[in-house]
Amino acid sequence: MKRFITGTSPLDDLDKMVPMPTLPELDNLLKKQYERLRKLLTGRMNESTPALTTSTGLDLHSPMELLSYNLYHEGLHFGIITAYKKMLSQ
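Residue numbers for the sequence shown follow the working numbering, so the first one is 25 and each next one is one higher.
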């Protein structure tokens, strides 16, 4: 999804080029994601992959490292969203 690649923001004016996915579309993709990852990565979690360098300079070299980092990364998003919700409800 082009709307969610590195360097994009929800504030970007992409509506004409890349419409915002609907909640049902996102829900459908997320529900299928576990099975896609399981099929793709079963028995391959520690395989060496070309390094991916994060914006903070951390090099990730395997699916295990990538998924571990992803948990941290998504936790940051969750924390920000939670803080916004708290501020907006006051």
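Idealized CB from N, CA, C, for every residue including glycine.
Specify the secondary structure class of Thr-77 as computed by DSSP and reduced to three states.
If DSSP states are grouped into helix, strand and coil, Thr-77 belongs with the strands.
message: With the cut-off set at 7 angstroms, would you say Met-69 and Met-44 are in Cβ contact?
response: Result no, Cβ atoms of Met-69 and Met-44 do not sit closer than 7 angstroms.
Does DSSP put Leu-15 in a helix, a strand or coil? Because the chain is modelled from 25 through 114, residue 15 falls outside the range shown and cannot be assessed.
Just the C-alpha distance for Thr-80 and Tyr-96, rounded to the nearest angstrom, thanks. In this structure, the straight-line span from the alpha carbon of Thr-80 to that of Tyr-96 is close to 13 angstroms.
*What residues match up with Leu-84 in a beta bridge as DSSP calls it?*
Residue pairing by DSSP places Leu-84 opposite Leu-76 in a beta bridge.
Mind checking which residues open and close the alpha helix (DSSP H) that includes Asn-128?
Because the chain in this structure spans residues 25 to 114, residue 128 falls outside the shown range and cannot be described.
Checklist line | Residues near Asp-65 by beta carbon distance below 6 angstroms, same chain, minus five either side | finding: The question names Asp, yet the displayed sequence has Leu at residue 65. Cβ neighbours of Leu-65 beyond the five flanking positions: Pro-87.
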